[in-house]
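So for the sequence shown, the numbering used here puts the first residue at 3; every next one is plus one. All residues carry an ideal CB built from backbone N, CA and C; glycine is no exception. All of these numbers come straight from a predicted model, not from anything done at the bench. Following: one structure in C-alpha coordinates, then a few remarks.
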Amino acid sequence: FNDKECHFWLGYIYHSNEYIKRDEEKWIHHINAAIDLNSNNALYYKATALLSSDGLPQDIPLAISLLKQSAGQDYLHSHYLLGNIYFHGNYSPEVQTNYQKALHHFKSASKLGHSEAAICEGVMYYYGYGTNIDYTKAFYAYQNAAYMKNIKAYENVASMYKQGKGVPQSDHNALYYTNLYKEAVKKKKSFSDINNNSNEK
(Lines of atoms letter the chains of each structure in order from A and count residues from 1; the text may use other names and numbers.)
(Lines give C-alpha, C1' and ligand atoms only; values in the text may rest on other atoms or scores of the structure.)
Protein backbone atom coordinates (compact mmCIF):
# COMPACT_ATOMS: atom_id res chain seq x y z
CA PHE A 1 0.00 0.00 0.00
CA ASN A 2 1.08 3.56 -0.61
CA ASP A 3 -0.40 5.47 2.32
CA LYS A 4 2.44 7.32 4.04
CA GLU A 5 0.56 7.89 7.29
CA CYS A 6 -0.43 4.23 7.55
CA HIS A 7 3.21 3.26 7.12
CA PHE A 8 4.25 5.83 9.70
CA TRP A 9 1.79 4.67 12.33
CA LEU A 10 2.64 1.02 11.74
CA GLY A 11 6.30 1.93 12.16
CA TYR A 12 5.49 3.79 15.36
CA ILE A 13 3.45 0.90 16.75
CA TYR A 14 6.13 -1.69 16.00
CA HIS A 15 8.81 0.55 17.52
CA SER A 16 7.14 2.07 20.59
CA ASN A 17 6.40 -1.21 22.41
CA GLU A 18 3.17 0.35 23.69
CA TYR A 19 0.61 -1.81 21.95
CA ILE A 20 2.47 -4.87 20.65
CA LYS A 21 5.90 -6.38 21.14
CA ARG A 22 8.63 -4.30 19.53
CA ASP A 23 9.77 -5.54 16.12
CA GLU A 24 12.97 -3.91 14.86
CA GLU A 25 12.69 -5.16 11.29
CA LYS A 26 9.05 -4.12 10.84
CA TRP A 27 9.32 -0.65 12.37
CA ILE A 28 12.31 0.25 10.24
CA HIS A 29 10.59 -1.13 7.13
CA HIS A 30 7.44 0.93 7.65
CA ILE A 31 9.23 4.13 8.67
CA ASN A 32 11.46 3.91 5.58
CA ALA A 33 8.39 3.21 3.41
CA ALA A 34 6.74 6.34 4.85
CA ILE A 35 9.91 8.35 4.18
CA ASP A 36 9.93 7.14 0.59
CA LEU A 37 6.42 8.62 0.37
CA ASN A 38 7.72 11.88 1.88
CA SER A 39 6.12 11.64 5.33
CA ASN A 40 7.36 14.47 7.56
CA ASN A 41 6.28 12.49 10.62
CA ALA A 42 8.50 9.60 9.54
CA LEU A 43 11.44 11.85 8.67
CA TYR A 44 11.29 13.38 12.14
CA TYR A 45 10.74 10.05 13.89
CA LYS A 46 13.71 8.36 12.23
CA ALA A 47 15.88 11.41 12.93
CA THR A 48 15.12 11.23 16.65
CA ALA A 49 15.92 7.49 16.64
CA LEU A 50 19.24 8.20 14.93
CA LEU A 51 20.07 10.94 17.45
CA SER A 52 19.33 8.76 20.47
CA SER A 53 20.53 5.37 19.12
CA ASP A 54 17.03 4.01 19.69
CA GLY A 55 16.88 0.96 17.46
CA LEU A 56 19.40 2.41 15.01
CA PRO A 57 23.12 3.21 15.30
CA GLN A 58 23.67 6.88 16.07
CA ASP A 59 24.17 8.86 12.86
CA ILE A 60 24.16 12.60 13.51
CA PRO A 61 24.74 13.78 9.89
CA LEU A 62 21.89 11.60 8.58
CA ALA A 63 19.60 12.74 11.40
CA ILE A 64 20.30 16.39 10.64
CA SER A 65 19.71 15.75 6.94
CA LEU A 66 16.30 14.18 7.66
CA LEU A 67 15.34 17.04 9.96
CA LYS A 68 16.35 19.61 7.36
CA GLN A 69 14.32 17.78 4.72
CA SER A 70 11.15 17.91 6.81
CA ALA A 71 11.85 21.45 8.04
CA GLY A 72 12.11 22.46 4.41
CA GLN A 73 8.52 21.29 4.09
CA ASP A 74 7.40 23.43 7.05
CA TYR A 75 7.32 20.68 9.65
CA LEU A 76 7.34 22.70 12.86
CA HIS A 77 8.71 19.96 15.14
CA SER A 78 11.81 19.58 12.97
CA HIS A 79 12.41 23.32 13.01
CA TYR A 80 12.10 23.31 16.80
CA LEU A 81 14.46 20.36 17.27
CA LEU A 82 17.02 21.86 14.89
CA GLY A 83 16.79 25.10 16.84
CA ASN A 84 17.62 23.26 20.05
CA ILE A 85 20.44 21.30 18.43
CA TYR A 86 22.09 24.43 17.04
CA PHE A 87 21.52 26.37 20.26
CA HIS A 88 23.00 23.81 22.63
CA GLY A 89 25.58 22.18 20.35
CA ASN A 90 24.90 18.83 22.01
CA TYR A 91 26.14 16.82 19.03
CA SER A 92 29.57 18.37 18.66
CA PRO A 93 31.80 17.92 16.71
CA GLU A 94 29.26 16.95 14.01
CA VAL A 95 27.06 19.94 14.83
CA GLN A 96 28.54 23.01 16.49
CA THR A 97 26.62 25.69 18.37
CA ASN A 98 25.28 28.20 15.89
CA TYR A 99 22.97 30.82 17.36
CA GLN A 100 22.06 32.33 13.99
CA LYS A 101 20.79 28.96 12.73
CA ALA A 102 19.06 28.31 16.04
CA LEU A 103 17.21 31.61 15.83
CA HIS A 104 16.19 30.91 12.23
CA HIS A 105 14.65 27.57 13.16
CA PHE A 106 12.96 28.85 16.31
CA LYS A 107 11.39 31.71 14.33
CA SER A 108 10.24 29.30 11.62
CA ALA A 109 8.66 26.93 14.16
CA SER A 110 7.06 29.87 15.95
CA LYS A 111 5.43 31.11 12.73
CA LEU A 112 4.04 27.60 12.22
CA GLY A 113 2.42 27.62 15.67
CA HIS A 114 4.99 26.14 18.07
CA SER A 115 4.66 28.07 21.35
CA GLU A 116 7.87 26.76 22.94
CA ALA A 117 9.78 27.87 19.86
CA ALA A 118 8.28 31.33 20.28
CA ILE A 119 9.57 31.39 23.86
CA CYS A 120 13.04 30.39 22.64
CA GLU A 121 12.90 33.10 19.99
CA GLY A 122 12.05 35.62 22.68
CA VAL A 123 14.92 34.45 24.89
CA MET A 124 17.39 34.85 22.04
CA TYR A 125 16.29 38.42 21.35
CA TYR A 126 16.13 39.25 25.06
CA TYR A 127 19.68 38.12 25.81
CA GLY A 128 21.21 38.72 22.39
CA TYR A 129 22.07 35.17 21.37
CA GLY A 130 23.14 35.32 17.72
CA THR A 131 21.61 38.76 17.32
CA ASN A 132 21.55 42.18 18.91
CA ILE A 133 19.55 42.52 22.11
CA ASP A 134 16.09 43.63 21.04
CA TYR A 135 13.49 43.86 23.79
CA THR A 136 10.74 44.81 21.36
CA LYS A 137 11.23 41.66 19.28
CA ALA A 138 11.54 39.64 22.48
CA PHE A 139 8.24 41.05 23.72
CA TYR A 140 6.40 40.24 20.49
CA ALA A 141 7.83 36.71 20.48
CA TYR A 142 6.64 36.15 24.06
CA GLN A 143 3.29 37.71 23.24
CA ASN A 144 2.94 35.37 20.26
CA ALA A 145 3.54 32.43 22.60
CA ALA A 146 0.98 33.89 25.01
CA TYR A 147 -1.59 33.99 22.20
CA MET A 148 -0.89 30.26 21.87
CA LYS A 149 -1.72 29.92 25.61
CA ASN A 150 1.84 29.12 26.71
CA ILE A 151 1.96 29.43 30.52
CA LYS A 152 5.58 30.62 30.67
CA ALA A 153 4.78 33.28 28.07
CA TYR A 154 2.12 34.82 30.33
CA GLU A 155 4.79 35.28 33.00
CA ASN A 156 7.32 36.73 30.56
CA VAL A 157 4.86 39.19 29.03
CA ALA A 158 3.78 40.31 32.50
CA SER A 159 7.40 40.92 33.46
CA MET A 160 8.10 42.99 30.36
CA TYR A 161 5.00 45.12 30.92
CA LYS A 162 6.02 45.58 34.55
CA GLN A 163 9.54 46.69 33.59
CA GLY A 164 8.58 48.57 30.44
CA LYS A 165 11.02 46.54 28.37
CA GLY A 166 10.17 46.44 24.67
CA VAL A 167 6.74 47.84 25.39
CA PRO A 168 5.35 50.88 27.27
CA GLN A 169 5.26 50.21 31.01
CA SER A 170 1.79 49.18 32.17
CA ASP A 171 0.93 47.86 35.62
CA HIS A 172 -2.58 47.16 34.35
CA ASN A 173 -1.36 44.88 31.54
CA ALA A 174 1.25 43.31 33.82
CA LEU A 175 -1.50 42.38 36.27
CA TYR A 176 -3.69 41.03 33.47
CA TYR A 177 -1.00 38.62 32.27
CA THR A 178 0.01 37.73 35.83
CA ASN A 179 -3.58 36.69 36.47
CA LEU A 180 -3.61 34.64 33.26
CA TYR A 181 -0.43 32.94 34.45
CA LYS A 182 -1.83 32.18 37.92
CA GLU A 183 -5.08 30.84 36.49
CA ALA A 184 -3.25 28.63 33.99
CA VAL A 185 -0.99 27.22 36.71
CA LYS A 186 -4.04 26.55 38.88
CA LYS A 187 -5.81 24.69 36.06
CA LYS A 188 -2.68 22.68 35.29
CA LYS A 189 -2.36 21.66 38.93
CA SER A 190 -6.02 20.67 39.13
CA PHE A 191 -5.69 18.55 35.98
CA SER A 192 -2.54 16.92 37.39
CA ASP A 193 -4.30 16.15 40.68
CA ILE A 194 -7.21 14.54 38.81
CA ASN A 195 -4.81 12.31 36.85
CA ASN A 196 -2.91 11.33 39.99
CA ASN A 197 -6.13 10.42 41.79
CA SER A 198 -7.29 8.38 38.80
CA ASN A 199 -4.01 6.47 38.68
CA GLU A 200 -4.18 5.66 42.38
CA LYS A 201 -7.59 3.98 42.05
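{"Asked": "For residue 33, three-class secondary structure by DSSP", "Found": "helix"}
{"Asked": "Extent of the continuous alpha helix (DSSP H) to which residue 71 belongs", "Found": "62-73"}
{"Asked": "Chain C contact for residue 163 (CB, 9 Å cutoff)", "Found": "Protein chains in the displayed structure number just one, and chain C is not present."}
{"Asked": "For residue 109 and residue 159, the rounded distance between their alpha carbons", "Found": "18 Å"}
{"Asked": "Reference residue 134; option with closest CA among 119, 101 and 113", "Found": "101"}
{"Asked": "Endpoints, the alpha helix (DSSP H) within which residue 159 is located", "Found": "153-165"}
{"Asked": "Contacting residues, own chain, Cβ-Cβ under 6 Å from residue 165 (five flanking each side not counted)", "Found": "none"}
{"Asked": "Residues of its chain near residue 196, where Cβ-Cβ distance is below 7 Å and the 5 sequence neighbours each way are ignored", "Found": "With a pLDDT of only 48 at residue 196, under 50, the local geometry of the prediction cannot be trusted, and no value is derived from it."}
{"Asked": "Per-residue DSSP class, three states only, for residue 99", "Found": "coil"}
{"Asked": "Nearest-angstrom Cα separation, counted from residue 112 out to residue 75", "Found": "15 Å"}
{"Asked": "Contact check, residue 87 vs residue 68, beta carbons under 9 Å", "Found": "no"}
{"Asked": "Any 3 or more C-beta pairs closer than 8 Å across the stretch 44-63 and the stretch 87-99", "Found": "yes"}
{"Asked": "Proximity of residue 2 and residue 119 at Cβ, strictly below 9 Å", "Found": "This structure cannot settle anything about residue 2, because the visible part of the chain is limited to 3 through 203."}
{"Asked": "Cα-Cα separation, residue 187 to residue 144", "Found": "17 Å"}
{"Asked": "Own chain residues within Cβ distance below 6 Å of residue 65, not counting five before or after", "Found": "49, 52 and 53"}
{"Asked": "Cα-Cα separation between residue 59 and residue 170, rounded to whole angstroms", "Found": "52 Å"}
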